[in-house]
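As they're listed, the protein sequences go chains A and B.
Numbering follows our numbering, in which position 55 of the first sequence is assigned residue number 55; successive positions increment by one, without gaps.
Count along the second sequence from 1, add 1000, and you get the number used in our numbering.
All residues carry an ideal CB built from backbone N, CA and C; glycine is no exception.
Here is the structure we will look at, set down as structure tokens.
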Amino acid sequence: MIMHDMKNSIALLEMDLERLNHHPGLPADAALAYRRCQDLKARLIAFLTLYRIEQTGFQPVGSPVNVLEFLEGVVEFSPSAETGSVPVCVAMERIQRNPLTKSWDIAYFDKLLVEMAMESAINNAVRYAKQRIDVWYETEGDSISFFVLDDGPAIDSADASVQQHASSTGLGLALCHAVAAAHGGGGSVSIATLPDEGTLFTLKLPTLR
Amino acid sequence: MEEKKSVAEHVRFNLLSALVIDDMGAMRHALKTQLQIFGMNDIHVAGSAEEALGRLDCRSYDLILCDYNLKRPSSGQHFLEFLRHEGRLKPSSVFVMVTAESEYDFVANAAEYVPDDYILKPCPEKRLKSRIERLFDKRNFLMPILLALEGGQYGAAIASCDNLLENEPGHRWIMDVLRRKIEAQAALKDYLGALETCNIAKAIRDDVPWVSLELARANLSLGNIDVAHDIAGKLVAMNSNYVAAYELLSRIGEARQDSTSALEMLMMSSRILPSARRFRVVSESAYLLGKHDEARKASESAIKLSKGSIVERSDDYLSLAQTMVDMGDCSKAISILEVDAKKFGEKGMFGVMQNAILAQAYLGSGDTGKAKKLIERANNLLADRTDGMTMTALGKAMLKSGDLISGLKMFTRAVQVSGDASARIANHVTKAMGDVGHEGKVADVIDGGRRRILDLVNEANKLMRAAHFADAHQKLHDAFEIHAENIEALLAATQLHLLWLKRDGLDDVLIERTRGYLGTLDRLVPQNEKVMNFYKFFQTILGG
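As structure tokens, this is what we get:
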């Protein structure tokens, strides 16, 4: 009940700030306030979702998803992508059409959970990327993998501030692991350095039915 | 990106109407403001399901945004269930459930009454707008089909589907077109057609669960029970929470006359996704199998889940009370009907059945005098009206009171008036007569020509589904020899002739027969929805 009230209060605050930002000539602080509110909401929902997955019998909801459209939506509506200084793009050159249907893949996964996980990964990438962040997916058999690649420094860099890269996700990384686990056996999360490229986040999921 | 621009251009927000339902005033205002920013002007709000129903009594809306977590007693899901079950939600209306992340898995898994979409609250403006645009893009594409379905014009709906399939084969919503075509074909009992359409859908995408489910349904309707079972079995093996597949497996169990397996599948579905509707079905199946304890629990669950809400049913109290009588707990049955169900008064068939079951309960507790008064009252309330279930309960009370002749007459009449529900009523009558020690007379009561007619109609239906129309007609002719105005036979004959005309073209003899059947049905069951749909289809065939 308390959480329900808190969420409603934050929701109303967010909607008020969103509406305010339609007015021309507002100071930059207004937009900043709106972004901070979105960030707060995202963290609260991530925390609550993580709690539900870990503590209760959460059943992921599989639905047929056009994966390319899904990724485009994640990129388009991600607050981090919208407000960060580095562009976030769907790397079309890395995505292949389904050889059998000749169209973009349809896969079955929990859209909401995966969206949360991807936003968390993008949010983290935005902090460290220099010039670009690429997002794409691959399917193999009964699994699908989502990738976020930023061109920031390596996770094993000696730079102390960068050493936080892997652990700074904190809640976000925990949520990603939980999302992978909720989809059943075979799900995994990894963060790795690609030489000359940057840091690659991978979320692999067995597809639901 | 180009496609997204064109989607946005096609959706004219200023022409759309919306109903926003949320128990929080501030949230109603905020959502309304968001819609206004999109360009919508015609927006109404409601603070509860009941208030929303009042709005819908006056007009319809293009978009309904409904909070899942409305104040008790009626939630957003109750509201949607009521609208869909009562046919109050037009196919062309878009229903979006607004839910918190803590509820959305339950909302999205509500297989039977699924919203067109759900959004998490709070939903940023850009995302909400994009979701609504997408939904209306789909609606606009499907509109000719949806309007035909709204009017019950299934033939026209199929024609619209075929038009889109021919002219827009690669469109993003083409699978939705195929799904609607299957729905319309099933409504017309054109199961061969539905099977063909399923195979077309499967050829486009063979990894979509609903296609397999519809394939299984079509095969079941065609009598290919093993094929249906195989497909449905694979569906639940891949997804152990696929409620619709379990429900289909239950129907397959019934078709195999394995009622125990059918009940198990129903109970599985109610465990995965509890709902009042599911518990009602479980309760009835368990009751007919004599599993009174399961029936009791299911009735109690149905009452608990729907109490005070718009989907509450007085029938649940009747079912529970009858079960308690059969379990020998007459005082509990009396308490349920005289205390818990008091709020329903003594209206309509509820009043008749209430008195009939109370009579049984008082007989069980030894108060014969009171029981006889209740039977008399039930009979008076019934008067000239007919209802198979009510008459079965009254017949049981009469037999229990020792009035054999009236009881048997009442049971016979119950079976005769049951029409479409004849198989169901026959099962209840069989159980009721068995409960009062008159199983030896079941065949006489039900058979009064009735069971033979049922068998003939079932055989005719099977032949009809396999497109052996002449043979099917012969079976129905034999049924009419027993009882010229049997409603089930008349319905089957009308259906047969409409399909016959559709397949072979206009024929004077077939047309005349169809007119005759429809005229008789009009007299026997006036304002019957199925008969009205038959009329519409008949007009379509005649080119009217």
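- Alanine 1232 (chain B) is a Cβ neighbour of leucine 1248 (chain B), given a cutoff of 8 Å.
- Taking each of B:Met1410, B:Phe1480 and B:Leu1120 in turn and checking the Cα distance to alanine 1100 (chain B), the smallest one comes out for B:Leu1120.
- An exposed status is given to asparagine 1041 (chain B), since fewer than 16 other beta-carbon atoms sit within 10 Å of its beta-carbon.
- Straight-line measurement puts the Cα of alanine 1421 (chain B) at about 25 Å from the Cα of histidine 1468 (chain B).
- In the three-state reduction of the DSSP assignment, cysteine 1123 (chain B) falls in the coil class.
- Spatial neighbours of threonine 1540 (chain B) in its own chain (CB-CB distance under 8 Å, excluding positions within 5 residues in sequence) are listed in chain order as Gln1153, Gly1155 and Ala1156.
- Residue pairing by DSSP puts glycine 62 (chain A) in a beta bridge opposite A:Asp110.
- Nearest neighbour of proline 1073 (chain B) by Cα position, chosen from B:Ser1309, B:Asp1258 and B:Cys1161, turns out to be B:Ser1309.
- Secondary structure at serine 190 (chain A): strand, using DSSP grouped into helix, strand and coil.
- The beta carbon of valine 1045 (chain B) sits closer than 7 Å to those of Val1020, Arg1028 and Lys1032, all from its chain and outside the five residues before and after it, given in chain order.
- The alpha-carbon of aspartate 1226 (chain B) is positioned some 34 Å away from that of glutamate 1150 (chain B).
- Shown here for leucine 1404 (chain B): not one same chain residue has a beta carbon closer than 6 Å to its own, the five before and five after excluded.
- Around glutamate 18 (chain A), the beta-carbon contacts reaching into chain B at under 7 Å are Pro1124 and Glu1125.
- The alpha carbon of arginine 1280 (chain B) has as its nearest neighbour, out of B:Gly1290, B:Ala1302 and B:Asn1239, the alpha carbon of B:Ala1302.
- In the DSSP assignment, alanine 1046 (chain B) forms a beta bridge with B:Ile1021.
- For arginine 1515 (chain B), the number of other beta carbons within 10 angstroms of its own is below 16, and it is reported as exposed.
- Comparing C-alpha distances from asparagine 1163 (chain B) to each of B:Glu1183, B:Leu1142 and B:Arg1172 shows the shortest one belongs to B:Leu1142.
- As the crow flies, the alpha-carbon of leucine 1213 (chain B) is around 41 Å from that of lysine 1441 (chain B).
- Between asparagine 123 (chain A) and glycine 172 (chain A), the beta carbon gap of about 7 Å places them in contact (Cβ cut-off 8 Å).
- With contacts defined by Cβ atoms closer than 8 Å, cysteine 1198 (chain B) and isoleucine 1174 (chain B) do not form a contacting pair.
- Contact check for tyrosine 1061 (chain B) against serine 1092 (chain B) fails: the beta carbons are separated by 8 Å or more.
- Spanning the alpha carbons of glycine 185 (chain A) and phenylalanine 1136 (chain B) requires a straight line of approximately 37 Å.
- Annotated three-state conformation of glutamate 1485 (chain B) is coil, per DSSP.
- Under the Cβ criterion of 8 Å, aspartate 1315 (chain B) is not counted among the residues facing chain A.
- Excluding its 5 nearest sequence neighbours in each direction, glycine 187 (chain A) has C-beta neighbours in its own chain below 7 Å: Ala180, Ala181, Lys204, Leu205 and Pro206, listed in chain order.
- Distances from the alpha-carbon of glutamate 1166 (chain B) to those of B:Ala1148, B:Lys1189 and B:Ile1200 put B:Ile1200 closest.
- Inclusion of tryptophan 1210 (chain B) and arginine 1179 (chain B) in the CB contact set at 8 Å is warranted, their separation being smaller than that value.
- With a cutoff of 8 Å on beta-carbon distance, alanine 1018 (chain B) and isoleucine 1043 (chain B) are scored as near each other.
- Going by beta carbons, alanine 1414 (chain B) and glycine 1395 (chain B) fall inside the 8 Å limit.
- Per DSSP, threonine 207 (chain A) is not a residue of any alpha helix (DSSP H), being assigned neither H nor E.
- Each residue's CA atom was taken as its position, placing aspartate 5 (chain A) and phenylalanine 109 (chain A) some 30 Å apart.
- Under the DSSP assignment, methionine 1097 (chain B) falls in the beta strand (DSSP E) whose first and last residues are 1094 to 1099.
- Within 9 Å of the CB of isoleucine 106 (chain A), the CB atoms of chain B belong to Arg1205, Asp1207 and Val1208, in sequence order along the chain.
- Interface annotation, methionine 1027 (chain B): in contact with chain A, CB-CB separation under 8 Å.
- In this structure, leucine 1496 (chain B) lies away from alanine 1479 (chain B), with their beta-carbon atoms at least 8 Å apart.
- In the structure shown, tyrosine 1061 (chain B) adopts coil according to DSSP, grouped into three states.
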